[in-house]
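**Q** One structure coming up, written as structure tokens, with questions to follow.
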């Protein structure tokens, strides 16, 4: 669970830290990079959800084999 | 994670799609403009749907040959994810069409009636409805073995209906949708530039792998569920 909160914290502070080093980047080319960041965040969210479901299932399957 | 290499491949391909898809160079076409990038998302939904339905029908045939419950469950859940992809393809297509096909100078209802009559959209709607019927038919049969057998046979019919509905009919009739004289959806050789193909093919694989991942999770849940019930 700890790493999960670390990840959330990372995502919350990600824009602030990115603005310092990548200020030009995130505001250039019609700010298309912002769109990419949003889309990648959604993708990561879905993948994280699937990953956690997958791990939970693996654990259940192992339990099932033992019984 | 259970046999994870292909899942990681899928995720990496999708990350590549999302970045290269928005940053890569695209041909400058009138009307389409930047919306041509929808190719990596909207079109991939339909490709993914077709692949998932193909897996589903193969599993249905395997069930009829071997009578193994596993294949029945696989067939059902690959079809389910295929329907999800089809719905996503349909809704993304309607957004895309609203800003490229619809004439801004006429009332929206008028151009909507023209768009809604497009044979390609009707074909796609028919094929999705046929698969909705698959789910309804399946859930309406209580006996597990009969349900599996009947829905496997219906799955084969549904797959056969896909071909006139989305591959043949749109070739014969006039449509606003691109790819009139070749492939019904788009002509991959002539419609898109080489730089777009570099993103498009990985995108198809990535989206499909995501669909397969979702399906396998659902199949495993169902398998566990059944084991719980029998023990």
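Protein chains in written order, with the working numbering: chain A, 614 to 680; chain B, 14 to 244.
Heads up, the beta-carbon is just placed ideally off N, CA and C, and yes, glycines get one too.
#1: Roughly how many angstroms lie between the CA atoms of residue 670 of chain A and residue 234 of chain B, to the nearest whole one?
#2: Measuring straight from C-alpha to C-alpha, what distance separates residue 19 of chain B and residue 127 of chain B?
#3: Using a C-beta to C-beta distance shorter than 8 Å, which residues of chain B count as neighbours of residue 648 of chain A?
#4: Closer than 8 Å by C-beta to residue 154 of chain B: which residues in its own chain qualify, once you throw out the five before and the five after it? Chain order, please.
#5: Using beta carbons (cut-off 8 Å, strictly below), is residue 101 of chain B in contact with chain A?
#6: If contact means a Cβ-Cβ distance below 7 Å, which residues of the segment 109 to 134 of chain B contact chain A?
#7: Against chain E, does residue 86 of chain B count as a neighbour if the rule is that its beta carbon must be under 8 Å from one of theirs?
#8: Which of the three DSSP states, helix, strand or coil, is assigned to residue 187 of chain B?
#9: Looking only at its own chain, which residues have a Cβ that is under 6 Å from the Cβ of residue 221 of chain B, when we skip the five neighbours before and after it?
#10: Name the chain B residues whose beta carbon is nearer than 9 Å to that of residue 661 of chain A?
#11: Quick one: Cα of residue 17 of chain B to Cα of residue 228 of chain B, how far?
#12: Could you tell me the alpha carbon to alpha carbon distance between residue 68 of chain B and residue 141 of chain B, rounded to whole angstroms?
#13: Give me the chain A residues within the contact set of residue 9 of chain B, using Cβ-Cβ distance strictly less than 9 Å, ordered along the chain.
#14: I need the DSSP call for residue 206 of chain B, collapsed to helix, strand or coil.
#15: Residue 75 of chain B to residue 169 of chain B, Cα distance in whole Å?
#16: With 7 Å as the limit, tell me which residues of the segment 19 to 32 of chain B have their beta carbon closer than that to any beta carbon of chain A; keep them in chain order.
#17: If you check the beta carbons only, do residue 34 of chain B and residue 53 of chain B fall under 8 Å apart?
#18: What does a CB cutoff of less than 7 Å around residue 223 of chain B pick up in its chain, not counting 5 residues either side in sequence?
#19: Please report whether the beta-carbon of residue 220 of chain B lies at a distance below 8 Å from any beta-carbon of chain A.
#20: Using three-state DSSP, classify residue 82 of chain B as helix, strand or coil.
#21: Would you call residue 658 of chain A buried or exposed, if buried means 16 or more other Cβ atoms sit within 10 Å of its Cβ?
#22: Would you please verify whether the beta carbon of residue 227 of chain B is less than 8 Å from any beta carbon of chain A?
#23: In the DSSP assignment, the alpha helix (DSSP H) including residue 24 of chain B goes from what residue to what residue?
#24: By the 10 Å Cβ neighbour count, where 16 or more other Cβ atoms means buried, how is residue 94 of chain B classified, buried or exposed?
#25: Under DSSP, the alpha helix (DSSP H) around residue 159 of chain B begins and ends at which residues?
#26: Quick one: residues in its chain with C-beta nearer than 7 Å to the C-beta of residue 172 of chain B, no 5 flanking neighbours on either side, listed in chain order?
#27: So, with DSSP's three-state summary, where would you put residue 121 of chain B?
#28: I'd like the span of the alpha helix (DSSP H) that includes residue 654 of chain A, first residue to last.
#29: Give me the Cα-Cα distance between residue 108 of chain B and residue 236 of chain B, rounded to the nearest whole angstrom.
**A** Quick answer:
#1: If you take the alpha carbons of residue 670 of chain A and residue 234 of chain B, they lie about 7 Å apart.
#2: Distance between the alpha carbons of residue 19 of chain B and residue 127 of chain B: 43 Å.
#3: 35
#4: Contacts found: 160, 163 and 164.
#5: no
#6: none
#7: Here chain E cannot be found, since the structure's protein chains are A and B.
#8: Coil at residue 187 of chain B, not helix or strand.
#9: 61 and 64
#10: The premise fails here: residue 661 of chain A is roughly 10 Å from chain B at the closest Cβ pair, so nothing lies under 9 Å.
#11: In this structure, the straight-line span from the alpha carbon of residue 17 of chain B to that of residue 228 of chain B is close to 14 Å.
#12: 16 Å
#13: Coverage of chain B is limited to positions 14 through 244, which leaves residue 9 of chain B absent and any answer about it impossible.
#14: Here residue 206 of chain B sits in coil by DSSP.
#15: 11 Å
#16: 24, 27, 28, 31 and 32
#17: yes
#18: 23 and 27
#19: no
#20: Residue 82 of chain B: helix per DSSP, three-state reduction.
#21: exposed
#22: yes
#23: 18 to 36
#24: buried
#25: 157 to 175
#26: 66 and 70
#27: helix
#28: 645 to 679
#29: 37 Å
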